[in-house]
Amino acid sequence: MPTEIIETSMVGDITIVHTVKPKKSMSEMHEKCLILTKRMKAFRKTLTSACGFCQKLQTDELVCAKCKVAAYCSKEVRLRKPTHKLVCRESKAAAKLKLVHTFAASPLILSMLTDTFSLAFDFHNKIILDRPLIMQCDLVVDAADLSIIFSLTSGKQTPDDYPDGVEGMIQLKTFIPLDPTVAIDAGRRKIWEQARLRMTHWARTRRD
13 MPTEIIETSM
23 VGDITIVHTV
33 KPKKSMSEMH
43 EKCLILTKRM
53 KAFRKTLTSA
63 CGFCQKLQTD
73 ELVCAKCKVA
83 AYCSKEVRLR
93 KPTHKLVCRE
103 SKAAAKLKLV
113 HTFAASPLIL
123 SMLTDTFSLA
133 FDFHNKIILD
143 RPLIMQCDLV
153 VDAADLSIIF
163 SLTSGKQTPD
173 DYPDGVEGMI
183 QLKTFIPLDP
193 TVAIDAGRRK
203 IWEQARLRMT
213 HWARTRRD
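Here it is, written out as structure tokens:
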């Protein structure tokens, strides 16, 4: 049974096709969205972060025990530059970061994010090579049961009515392009410039 086209709509000069997939296709898509523990661990090993103090790239990330946000490459670097202590505060960032990793570990979801990223920066009309492309992606965890969301937003119920919590689902609320001159500092801009030089060199060697 082929995919059935329900309707089409326009977003700027992009045509969006709304379809309904057969039950078998939906089951296959659901399986693709499932993130196995083995896949999650393998994905985490590929992640690279930059030291917040010297901008050195690293795969074995060390983070501040208090805020769970500031990353550093070694204790020596952190001790030499103690400025982070002036702004550090306790947070639940570790749990949030785990959600981000879970979200990005799905090949299907990552493909959808890539398409959204391309549309947000108008890649179908132009190519941007002179600046880093940075997005603000806001993730939230809402109740998987929509009736619970409606009851909470309408005031019929409160979070106190669910002392043990409810089953949740990760949702992407916003996807906004940011100005790189404001969103990143000089150190991270340098990381991008170095990466661009490596890619340019790689492309030239491929052509040769």
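Just so you know, we're using the working numbering here: the sequence shown kicks off at 13 and counts up by one. Don't be surprised by glycine CBs; every beta carbon is placed ideally from N, CA and C.
Within-7 angstroms CB hit, residue i to chain C
i, result
"P119", "Any reference to chain C falls outside this structure, which holds one protein chain only."
Residue j beta carbon less than 7 angstroms from that of residue i
i, j, result
"L151", "L111", "yes"
"V89", "C66", "yes"
"M52", "A117", "yes"
"D154", "Q183", "yes"
"W204", "P119", "no"
"T128", "F187", "yes"
As assigned by DSSP and simplified to three states, the class of residue i
i, result
"E19", "strand"
"A6", "The structure shown has nothing for residue 6, since the chain only spans 13 to 220."
"V152", "strand"
"H136", "coil"
"P189", "strand"
"A117", "coil"
"I160", "helix"
"G180", "strand"
"T27", "strand"
"I74", "Here the sequence assigns Leu to residue 74, which means Ile is not the residue at that position. Strand, per DSSP."
"A82", "coil"
"Q203", "The identity of residue 203 in the sequence shown is Ile, whereas the question assumes Gln. Reduced to three states, the DSSP call for I203 is helix."
"L131", "helix"
Nearest neighbour of residue i, chosen from the options [CA to CA]
i, options, result
"M147", "H113, A156, L125 and S166", "L125"
"Y174", "K138, D127 and I160", "I160"
"D134", "M22, I26, S61 and R201", "I26"
"G177", "L164, F187, K185 and T186", "L164"
"C149", "E179, F115, A198 and K202", "F115"
"H136", "C85, G24 and R216", "G24"
Whole-Å CB distance - residue i paired with residue j, under 8 angstroms assumed
i, j, result
"K78", "C100", "5 angstroms"
"L69", "A83", "Not a contact, Cβ separation roughly 11 angstroms."
**Request:** Determine contact between the segment 49-60 and the segment 190-202, defined as no fewer than three beta-carbon pairs at a distance below 8 angstroms.
**Result:** no
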